[in-house]
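Beneath this line is the structure, given in structure tokens, with notes to follow.
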Amino acid sequence: MGILDLPTELLVLIVELTRPSDLDSLGLSCKTIAKVGKETLRRHRSYKRQWKHIDLNDRRQQGREPQTALALILSNIQDRRIAEYIETLDLRYYSDEVDVESGIKSLLADKGNEAALERLVTDSPYPLSNLWSRESWEDDRHSQNPFTPWTYEELTTAVLLSLLPNVRTLRLPDQWHETQYSSGGNSKSSALRRVLDAIVSMANKSSQGEAPLSSLETILPYSETQYDPRNGLCEVLPFMSLKSLQNLHVCNMVGVDDGYTGIPFLWYHGDIASCLRTIQLPGGCMDAAGVAELVRHTPQLTTFAYSHHTKWHGCLHDWGAGSFIAAIGEHRGDTITELAITIDLLFGMIENGVTSLKEFKRLNTVELDVRVFAGPSVASGNRQGMEGEFTAWEPSSVPNLLDILPPTICTINLFVSDDEGEVDEKQCATVLGKFLGELSNDFGHPVNCVVRSNRKGDELQEIRDLVSSRALARSLRWNERVEQKDKPMWQEQFIERYGEIFK
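In terms of the UniProt record's numbering, the sequence shown opens at residue 1 and continues consecutively.
The following block contains the structure:
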């Protein structure tokens with residue numbers, strides 16, 4: 001018996017039980033299905049328009065979509081079909097005009113809502129009750145405390161994420177940094193980690209993509225680059241073991257154990273590897289050990305971008321650019337095809353400089369701040385800066401282009417900043433000139449080389465003249481140009497796609 005030979009009431013039931021992701025194709029399969037499932041398909045199209053993309057800041061959604069995460073949870077309790085439609089979720093509040101606390105109080109004034117939330121938490125297959133208890137609820141309600149457990153991001157976010165099987169793109173709340181959990185975190189942060197680990201574990205076991213977070217592919221930035229406050233890369237660590245997660249774009253992340261102001265990044269997933277293919281970390285503050293801990297657990301990584309930013313109390317005041325890139329090359333030199341390493345803010349010196357990128361055997365595109373070369377080689381054992389010893393390093397020791405890059409390279413982007421820190425202007429010019437060199441041969445295929453700089457006037461013209469003079473010795477397969485731009489190319493593209501980087 002064919003499906004169209006079934007009784008009409010069974011066809012209607014089949015349409016009603018079909019997952020939202022398959023309804024469109026089912027409705028187009030034949031006129032009979034479209035006819036018997038008319039009401040279901042109409043409701044499906046309406047739900048897609050209303051729930052597919054959720055942004056708590058979108059004024060256009062007022063009056064028909066929730067403006068707080070708690071309201072979104074309650075909407076899902078009232079209609080469980082909603083959770084299946086949400087594919088993009090932005091939980092970050094960009095404006096103080098959003099009165100979250102008043103909205104939460106208004107929702108909790110309804111005793112029915114309160115009871116529904118309690119049932120949701122206690123009946124959940126995940127340990128959500130570790131983040132909420134009736135005792136704490138009653139204490140808060142009868143005290144003068146203006147907050148409730150639902151005021152805090154860890155509870156509302158964890159509960160919401162435990163409901164969404166089809167969310168593909170996630171932007172976490174802007175206060176997510178307050179969780180700051182790690183393996184040695186406080187009881188609340190440890191409880192949050194257990195909840196997220198349970199959600200991720202069940203998602204990874206889901207073969208049909210029906211478990212919450214089993215479809216999550218991309219995490220978007222939820223903070224901006226600042227000196228303080230800062231975020232720990234450990235904040236997103238629970239998500240990194242998701243089999244579905246491929247793209248991580250987050251700002252302001254610290255991953256260094258300096259025994260003082262740093263925030264350590266320690267992989268706690270054991271032998272479980274990440275499936276991440278793209279990692280972009282603008283405004284980060286990581287050393288070689290921190291980045292090694294990250295990339296050695298990402299065997300499928302093809303794109304890595306990072307810009308260094310000194311953090312509160314001079315965290316990584318001096319930075320070992322050479323050892324940082326060497327650590328990436330050691331662990332992921334056989335997979336990375338696109339690499340960008342630039343500098344946003346460096347108070348001190350380059351402890352050691354980059355002298356080779358040949359470890360990156362598949363590298364196609366590279367973007368570098370010229371300051372990453374302004375230090376002694378890693379192999380020399382010498383270091384500049386407060387923790388190093390005096391080193392008579394000279395810019396003339398910088399290797400030229402042909403000696404430093406693998407033969408697979410096709411695109412080279414260099415950035416010359418007007419903020420050299422303790423790398424003076426003369427050193428930058430020498431480094432750039434020495435790096436470009438005067439080559440008598442090439443890589444055997446066309447190569448594009450773009451030099452960007454936020455300098456202006458005579459300083460920019462000096463760079464143009466320098467690049468032009470070096471270009472005279474090039475073969476016709478070299479394409480070089482100088483651009484006056486405020487930011488490195490990768491950051492410019494990042495801002496266009498995901499929003500502003502800097503506070």
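We put the CB at the ideal spot given by N, CA and C, even for glycine. This structure is a prediction, so every number in the text was calculated from the model and none was measured.
Got a sec, what are the start and stop residues for the alpha helix (DSSP H) V100 sits in?
That run of the alpha helix (DSSP H) goes 100–108.
To the nearest angstrom, how far is the alpha carbon of A288 from that of E39?
If you draw a straight line from the Cα of A288 to the Cα of E39, it comes to about 58 Å.
If distances are taken between C-alpha atoms only, which option among V482, M489, C275 comes closest to T365?
Closest option to T365, Cα to Cα, is M489.
What does the alpha-carbon distance come out to for the pair L233 and G290?
Rounded to whole angstroms, the gap between the alpha carbons of L233 and G290 is 10 Å.
If you count every other CB in all the chains shown that lies within 10 Å of the CB of Y126, and 16 or more means buried, which is it?
Burial call: buried.
Neighbourhood of E65 by C-beta, 7 Å cutoff - its chain only, sequence neighbours within 5 removed:
At E65 the pLDDT is 46, less than 50, meaning the model places this residue with poor confidence and gives no usable figure here.
Leaving out the 5 sequence neighbours to the left and right, which residues in its chain are closer than 8 Å to R464 when beta-carbon positions are compared?
The beta carbon of R464 sits closer than 8 Å to the beta carbons of V482 from its chain, once the five residues preceding and following it are set aside; these are given in chain order.
DSSP bridge partner residues for D90 (one or two, in chain order):
Its beta-bridge partners are D55, R171.
State the start and end residues of the unbroken beta strand (DSSP E) segment that holds T218.
Its beta strand (DSSP E) spans residues 218–220.
Label C30 either buried or exposed according to how many other C-beta atoms from any shown protein chain fall within 10 Å of its C-beta, with 16 as the threshold for buried.
It is exposed - the Cβ of C30 has fewer than 16 other Cβ atoms within 10 Å.
Beta-bridge partners of D486, as assigned by DSSP
D486 is not bridged to any residue.
On a Cα-Cα basis, can you pick out the residue from T156, L70, G314 that is closest to R230?
Of the listed residues, the one whose Cα sits closest to R230 is G314.
Secondary structure, beta strand (DSSP E): runs of 3+ residues fully inside the segment 302–354:
Listed in chain order, the complete beta strand (DSSP E) runs (minimum 3 residues) inside the segment 302–354 are 303–309, 338–345.
Give me the Cβ distance between Y222 and D174, rounded to the nearest whole Å; I'm assuming they're in contact under 8 Å.
So it is a contact: roughly 6 Å between Cβ atoms.
Could you tell me the alpha carbon to alpha carbon distance between R119 and L172, rounded to whole angstroms?
When rounded, the distance between both Cα atoms is 25 Å.
Can you give me the start and stop residues for the beta strand (DSSP E) that R119 sits inside?
Segment 111–123 is the alpha helix (DSSP H) holding R119; no beta strand (DSSP E) there.
Which residue wins for smallest C-alpha separation from V254, given the options L237, G270, H269?
Closest by alpha carbon: L237.
Hey, out of H445, A273, L357, Y227, whose CA is closest to T261's CA?
Nearest option by C-alpha distance: Y227.
Do D344 and G283 come within 8 Å of each other at the CB atom, strictly closer than that value?
The answer is yes: Cβ separation under 8 Å.
Between the segment 330–339 and the segment 370–386, do three or more beta carbon pairs fall short of 8 Å?
Fewer than three Cβ pairs drawn from the segment 330–339 and the segment 370–386 lie within less than 8 Å of each other, which leaves the two stretches out of contact.
Hey, how far is the Cα of G322 from the Cα of Q484?
Cα-Cα distance, rounded: 27 Å.
Hey, quick one: how far does the beta strand (DSSP E) through T365 stretch, first residue to last?
For T365, the enclosing beta strand (DSSP E) begins and ends at 365–369.
Residues sharing a beta bridge with G232, DSSP
Within the DSSP secondary-structure output, G232 pairs in a beta bridge with V254.
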